[in-house]
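Chains as they are written, first to last, in the working numbering: chain F, 1 to 265; chain G, 1001 to 1265.
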């Protein structure tokens, strides 16, 4: 499964919305012919890693991620959720793991609002814990689908550390700015609020727990069965992207002024 | 410098474009008062890491990153650019570093088009090579500014490995989808082309070289002097974001259909 086109993606009608069936077919042809340019770099391969994974308790990892958020933010809190139990269960390379070396992935990279740091943190753990590029990429791709198309956060902490929150939202994207923005609008709170902080902490727990499920399957079976095929997005319009095109390409995005007014209330 | 508002950002007129001076002032006030919610998690701190950095040759790192791209893609090729010379110069923890464990950060995370993988790769190296969250975050923030507001790629390889390319573009964002899309429109090529591949390989070299400059300063002086202050984006409209709002919030974004038609030519 190096380059495979997803013929049909359940529940996603990107092809109808945007490009039309003919265009998708053309896009698929490009790939199946091996590409206009030979995308020889697309080959998958195995790699070595000293980081061994053993089956973890999802709830435990989620709770640790949640608790760590208020110090370490999104990326490093997910990493902490794994490293804490792996230090005990496996030891080895996990001992002395520099959890906070990844802290700046928070807020979509140092607050730039690009990739949600919970996914960056999980991707680091998945990459280190697996041994071939296809397995890592398949898990991370599935995790991006989970992140984007699930109402989150659904995690309920053992004890609420920051604030009661009431809403879950579907981000439609792994992009921090859009994901956080949608939830803030739904909850009616500002970025620098305890509620927003609580939401991101619970989201970190959700993403960590989903990743635990994948890695536990891998630990048990020596392989992972992807839920979604790779490169659906690439095939759809010839450029890497998620499926939330109308969030930017169209009339849907709230104007920054409107957003700001909403959040000032 | 835990939370500091950038009063004035040279060359960026976000406040005028979007929110107006009064609104920015309100946003700044929220932060200077310590926040609506106490953002106690914003504290900076030092951390341990076994990864030692020694001064590297930017051009050498850039060239290695460029060459590695065609196998390893954006994130891991930047990492390879650093790890190859650091293995020789420093050894230690860099020996056996799992370069490919980070490969799935390519294409904005497994092709989802969020954060450009060159920045993810550089952020991993910066995080491992520094020792406190403020230094790492300042470097990565400056790197995101460089990425977003520089005409790239400007790197010229020792030998062109994939294709001649002619254009440089300013991404205005660290987001892969927008960055790659703008360059493709400018160059008039599709995603699965040798030209696009060549562009991303050269971009990997540029980002790696810029990061080398920062880490070399840190190695020489034991500290890094930030070029941009943190949290400008956060203060501007109460949500993490970059400065390219009108790329999505407005009439500027090309429709996906238009983009596709352009690229089919």
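Cβ atoms here follow ideal geometry from the backbone N, Cα and C, with glycine treated the same way.
Can you list, in chain order, the residues of its chain with a C-beta nearer than 7 Å to that of residue i? Leave out the 5 residues immediately preceding and following it.
{"i": "residue 224 (chain F)", "result": "135, 138, 139, 214, 217 and 218"}
{"i": "residue 1171 (chain G)", "result": "1147, 1148, 1178, 1179 and 1182"}
{"i": "residue 980 (chain G)", "result": "As shown, chain G starts at 1001 and ends at 1265. That puts residue 980 (chain G) outside it, with no answer to give."}
{"i": "residue 154 (chain F)", "result": "168 and 206"}
{"i": "residue 1212 (chain G)", "result": "1056, 1058 and 1061"}
{"i": "residue 105 (chain F)", "result": "75, 117, 120 and 121"}
{"i": "residue 1186 (chain G)", "result": "1167 and 1169"}
{"i": "residue 210 (chain F)", "result": "143 and 146"}
{"i": "residue 194 (chain F)", "result": "162 and 163"}
If you count every other CB in all the chains shown that lies within 10 Å of the CB of residue i, and 16 or more means buried, which is it?
{"i": "residue 208 (chain F)", "result": "buried"}
{"i": "residue 1162 (chain G)", "result": "buried"}
{"i": "residue 1084 (chain G)", "result": "buried"}
{"i": "residue 188 (chain F)", "result": "exposed"}
{"i": "residue 1220 (chain G)", "result": "exposed"}
{"i": "residue 1130 (chain G)", "result": "buried"}
{"i": "residue 160 (chain F)", "result": "exposed"}
{"i": "residue 1166 (chain G)", "result": "exposed"}
{"i": "residue 1100 (chain G)", "result": "buried"}
Just reading off the alpha helix (DSSP H) that residue i is part of, what are its end residues?
{"i": "residue 1057 (chain G)", "result": "Looking at the DSSP string, residue 1057 (chain G) is not in any alpha helix (DSSP H), and its letter there is neither H nor E."}
{"i": "residue 1180 (chain G)", "result": "1176-1187"}
{"i": "residue 1268 (chain G)", "result": "Missing from the structure shown is residue 1268 (chain G); chain G here goes from 1001 to 1265 and no further."}
Going by beta carbon distance, what residues of the same chain come within less than 8 Å of residue i, once the five residues before and after it are set aside?
{"i": "residue 133 (chain F)", "result": "44, 45, 46 and 47"}
{"i": "residue 50 (chain F)", "result": "92 and 93"}
{"i": "residue 1158 (chain G)", "result": "1063"}
{"i": "residue 280 (chain F)", "result": "Outside the shown range of chain F, which is 1 to 265, sits residue 280 (chain F), and nothing can be said about it."}
{"i": "residue 197 (chain F)", "result": "69, 70, 162 and 163"}
{"i": "residue 1174 (chain G)", "result": "1115, 1116, 1119, 1144, 1147, 1148 and 1242"}
{"i": "residue 1110 (chain G)", "result": "1104"}
{"i": "residue 151 (chain F)", "result": "168, 169 and 170"}
How close, in whole Å, do the beta carbons of residue i and residue j come, if the pair is a contact with beta carbons under 8 Å?
{"i": "residue 1121 (chain G)", "j": "residue 1075 (chain G)", "result": "4 Å"}
{"i": "residue 1108 (chain G)", "j": "residue 1176 (chain G)", "result": "3 Å"}
{"i": "residue 1102 (chain G)", "j": "residue 127 (chain F)", "result": "6 Å"}
Spatial neighbours of residue i within its chain, please: C-beta separation below 6 Å, excluding the five flanking residues on both sides.
{"i": "residue 118 (chain F)", "result": "74, 78, 203, 204 and 207"}
{"i": "residue 1227 (chain G)", "result": "1142"}
{"i": "residue 201 (chain F)", "result": "66 and 69"}
{"i": "residue 1113 (chain G)", "result": "1176 and 1177"}
{"i": "residue 86 (chain F)", "result": "94"}
Determine which residues share a DSSP beta bridge with residue i and list them.
{"i": "residue 1046 (chain G)", "result": "G:1132"}
{"i": "residue 1169 (chain G)", "result": "G:1152"}
{"i": "residue 1115 (chain G)", "result": "G:1175"}
Is there at least one non-hydrogen atom of the ligand ADP closer than 7 Å to the beta-carbon of residue i?
{"i": "residue 1098 (chain G)", "result": "Only the bare structure without any ligand can be found here, which leaves the ligand ADP out of the picture."}
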